[in-house]
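**Student:**
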Amino acid sequence: MNLVTRSALDFTAPAIMADGEIIDNFCFSEQVKGKYAVLFFYPLDFTFVCPTELIALNNKISEFTHREVEVIGISVDSKFSHHHWRKMPITEGGIGEINYSLVSDIKKSISRDYGVLYDDAVALRATFIIDDKFVVRHQSINDLPLGRNIDEIVRIIDAIKHHEEHGEVCPANWKEGKAAMQASSEGICDYLTSHSEEL
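For the sequence shown, full-length UniProt numbering begins at 1 and goes up steadily by one.
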């Protein structure tokens, strides 16, 4: 299911917040109002690839905060499972006290609505980047064995913001600080003349 260019799907669910507080009425649209958001679905707490992704995401949290991006993890586990996993040391298979919220999709309705529920059991490794107007600008889905690249999520956010601020489009392998181009025949010709070897 493609959600890119459409409004994100709102939900209210239990969650554990970045400060460790457990709440029952985490409202997605209220939490991210006026901000960008990364909605980061993962299969299950206490598994194998998942903690590496969540810890990697937390290690880059300052990159997201600097860009005014709210990060939200979500799986089909209970709020109590999330809480316990956060309390476990990394050396024992936990994730530590990560600095972003984890939502409980124990009813599997959010994963189903976003089209990422696998075999009616767990969420696939899905990432949705949502802009400050609550529009989905990017989505990607990995199969269960394949961990994500957090730097690529940051790069895509930078590309979206660059386009919004400057009106330029971002070519393949673009990174913040690199040349972008005008979306025109002249723009692509000018860009390729100077940068085709960098692609």
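No residue lacks a Cβ here, since even glycine has one placed at the ideal position from N, Cα and C.
The model shown is predicted, which means the values in this text are computed figures rather than measured ones.
(1) Please name the residue in 8, 149, 67, 155 whose C-alpha comes closest to that of residue 176.
(2) DSSP state of residue 233, grouped into three classes?
(3) Taking its Cβ as the centre, do 16 or more other Cβ atoms sit within 10 Å of residue 153, making it buried, or is it exposed?
(4) Run through DSSP, which three-state label would residue 142 get?
(5) Following the continuous beta strand (DSSP E) through residue 126, name the residue where it begins and the one where it ends.
(6) Check whether the stretch 11 to 26 and the stretch 83 to 96 touch, using three or more Cβ-Cβ pairs below 8 Å as the test.
(7) Do the stretch 29 to 43 and the stretch 119 to 135 touch if we need at least three Cβ pairs shorter than 8 Å?
(8) Using 8 Å for Cβ pairs, my map puts residue 46 next to residue 93. What's the rounded Cβ distance?
(9) Would a C-beta distance cut-off of 9 Å place residue 62 and residue 123 closer than the cut-off?
(10) Nearest-angstrom Cα distance between residue 10 and residue 188?
(11) Which residue comes first and which comes last in the beta strand (DSSP E) that contains residue 5?
(12) Residue 207 and residue 144 look like a contact to me (Cβ under 8 Å); what is the Cβ gap, rounded to whole Å?
(13) Closest to residue 1 by C-alpha separation, out of 197, 134, 117, 190, would be which residue?
(14) Within the same chain, show all residues whose beta-carbon is closer than 6 Å to that of residue 158, passing over the 5 residues directly before and after it, in chain order.
**Tutor:** This is what the structure gives:
(1) The residue you call residue 176 lines up with position 176 of the sequence shown. Ranking 8, 149, 67, 155 by Cα distance to residue 176 puts 155 first.
(2) Because the chain is modelled from 1 through 199, residue 233 falls outside the range shown and cannot be assessed.
(3) To locate residue 153, count along the sequence shown from 1; it is residue 153. That one is buried.
(4) Within the sequence shown, the letter at position 142 stands for residue 142. In the structure shown, residue 142 sits in a strand (DSSP, three-state: E or B).
(5) For the purposes of this step, residue 126 is taken as the residue at position 126 of the sequence shown. 125 to 130 is the extent of the beta strand (DSSP E) around residue 126.
(6) Contact between the stretch 11 to 26 and the stretch 83 to 96 is present, with at least three C-beta pairs closer than 8 Å.
(7) Touching, per the Cβ criterion.
(8) Counted from its first residue, the sequence shown places residue 46 at position 46. Counted from its first residue, the sequence shown places residue 93 at position 93. Rounded, the Cβ-Cβ distance is 7 Å, consistent with contact.
(9) Along the sequence shown, one-based indexing puts residue 62 at 62. Along the sequence shown, one-based indexing puts residue 123 at 123. No, these two residues do not count as a Cβ contact at 9 Å.
(10) Here the question's residue 10 lines up with position 10 in the sequence shown. Here the question's residue 188 lines up with position 188 in the sequence shown. The alpha-carbon atoms of residue 10 and residue 188 are separated by roughly 38 Å.
(11) For the purposes of this step, residue 5 is taken as residue 5 along the sequence shown, with counting starting at 1. Here residue 5 belongs to no beta strand (DSSP E), and DSSP marks it neither H nor E.
(12) Lying before the first or after the last residue shown, residue 207 is absent from the chain, which here runs from 1 to 199.
(13) Taking the first residue of the sequence shown as position 1, residue 1 is located at position 1. Per the Cα distances, 117.
(14) Looking up residue 158 in the sequence shown gives position 158. Here the set comprises 176.
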